[in-house]
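Structure, as structure tokens:
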Amino acid sequence: VLVVAEGKLPSLGRLTAPMIVVQDVLVALERLGVAARARSGARIIAVTGSAGKTTTKEALRHVLSAVGTVHASAQSFNNHWGVPLTLARMPESCDYAVFEIGMNHPGEVRPLVKMVRPHVAIVTLIAAAHLGFFRNLDEIAQAKAEIFEGLEPDGAALLNRDDSRWKLLDKMAKAAGVEHVYSFGENARSTFRLVKCELNADHSVIAVKIDGREILARVGAPGRHMVQNVLAVLGAAQLVGADLGKVASALADLSAERGRGKRHILRHPKGPITLIDESYNANPASMAAAMALLNATPVSGEGRRIAVLGDMLELGSHSAKLHAALAELIIGTGTQTVFLGGPEMRALAEILPSDVKTEY
2 VLVVAEGKLP SLGRLTAPMI VVQDVLVALE RLGVAARARS GARIIAVTGS AGKTTTKEAL
62 RHVLSAVGTV HASAQSFNNH WGVPLTLARM PESCDYAVFE IGMNHPGEVR PLVKMVRPHV
122 AIVTLIAAAH LGFFRNLDEI AQAKAEIFEG LEPDGAALLN RDDSRWKLLD KMAKAAGVEH
182 VYSFGENARS TFRLVKCELN ADHSVIAVKI DGREILARVG APGRHMVQNV LAVLGAAQLV
242 GADLGKVASA LADLSAERGR GKRHILRHPK GPITLIDESY NANPASMAAA MALLNATPVS
302 GEGRRIAVLG DMLELGSHSA KLHAALAELI IGTGTQTVFL GGPEMRALAE ILPSDVKTEY
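The working numbering puts the first residue of the sequence shown at 2, with every later residue one more than the last.
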């Protein structure tokens, strides 16, 4: 069945497929989403942030599947089409639903979260993503804080207490009328506090203090950034009433997504090559996480670390400075060879030292 805007009918000619004719396809999709939300009894979590949205959403999908039925956004369906489509597809009978909400301009999160009406709203991290459309990180935080405006009555905000914009987000959540504001991180005052973290090449072992008890977990996907996302996952699971024991156990099977840290082992006559795929997107925060992951990957014998980096987009007048700042990350990881592509990467290519083999 096709859903067709009335104004497009003449262009379809003699098409005989069944169709529903509407005035505006997007408005019709939004109404379907609102109807699906109204009939649902699921506990709903919404995720936004400058980095970690999809990883956190997929981790929530994974662990909550151990305790019930879960509906979640496909891929990165997080915009004005993807969010209502995900809502419209939501089964009436699911126990949990997880929605990713993205933006690159002010005012984009508000209408989406008011459709979703989550019980828990997570802000993963505030960083210089889409900085070309904002004057500073405070403005990015303010745009992300729109997510609090759609929370269900008695809903909860879950914030990264290690984030430099935590105080601003906390203030904005309370200004939006949110009475329950929780936090995650290493900060001693975090509601969901990391008290132990052992980072390994292919996994991490963590201890998290929640309600006076320590939850021990093995996290199947490596990286400190993944640990940070997992803190949000455990916090959200607690807030929606999931069994934390089962949730923590499920973290052992967590794996990185394609384009977001997934590893591939390539065969080579001189030995295996570990390819870390971080190709989906890039901003300064995700680039730092990717380089940290590269640094944590062991190199043996004549092995070396190689970085293949493309442009970080939508950074506006800050672009040259932020690309050049990657030099410190590259030098700090001991990366011997760098391949750079894209006009924005010229700023980095021009300042890398001679002992880093650079192809641009």
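By construction, the Cβ of each residue, glycine as well, lies at the ideal position given by its N, Cα and C atoms.
One alpha carbon belongs to Ile307, the other to Ile332, and they sit about 12 Å apart. Sixteen is the threshold: when 16 or more other Cβ atoms of the shown chains lie within 10 Å of the Cβ of Val179, as they do, the residue is buried. Residues Asn230, Val231, Val234 and Leu255 of the same chain have their beta carbon placed closer than 7 Å to that of Ala60, with the five preceding and five following residues left out of the count. Around the Cβ of Met20, a 10 Å sphere holds fewer than 16 other Cβ atoms; the residue is exposed. Within the same chain, Glu7 come within 6 Å of Gln24 by CB-CB distance, once the 5 residues on both sides are set aside. According to DSSP, Arg214 shares a beta bridge with Ile211. Assigned with DSSP and collapsed to three states, Met313 falls in coil, not helix or strand. Boundaries of the beta strand (DSSP E) around Val71: Val71 to Ala73. Shown here for Ser51: same chain residues with a beta carbon closer than 7 Å to its own, the five before and five after excluded, namely Leu126, Ile127, Ala128, Ala130, Ile141, Asn284 and Ala286 in chain order.
For Ala328 and Gly311, the gap between their C-alpha atoms comes out near 14 Å. With contacts defined by Cβ atoms closer than 8 Å, Leu138 and Tyr97 do not form a contacting pair.
Residue pairing for Leu267: DSSP places it in a beta bridge opposite Ile274. Comparing C-alpha distances from Asp244 to each of Pro85, Ile211 and Glu153 shows the shortest one belongs to Ile211.
Leaving aside the five residues that flank Phe340 on each side, the residues in its chain whose CB is nearer than 6 Å to its CB run, in chain order, Val309 and Glu360. Taking every protein chain shown into account, the CB of Thr87 has 16 or more other CB atoms within 10 angstroms, so this residue is buried. Residue state for Val241 is assigned as coil, using DSSP reduced to three classes. A distance of 8 Å or more separates the beta carbons of Ala297 and Pro344.
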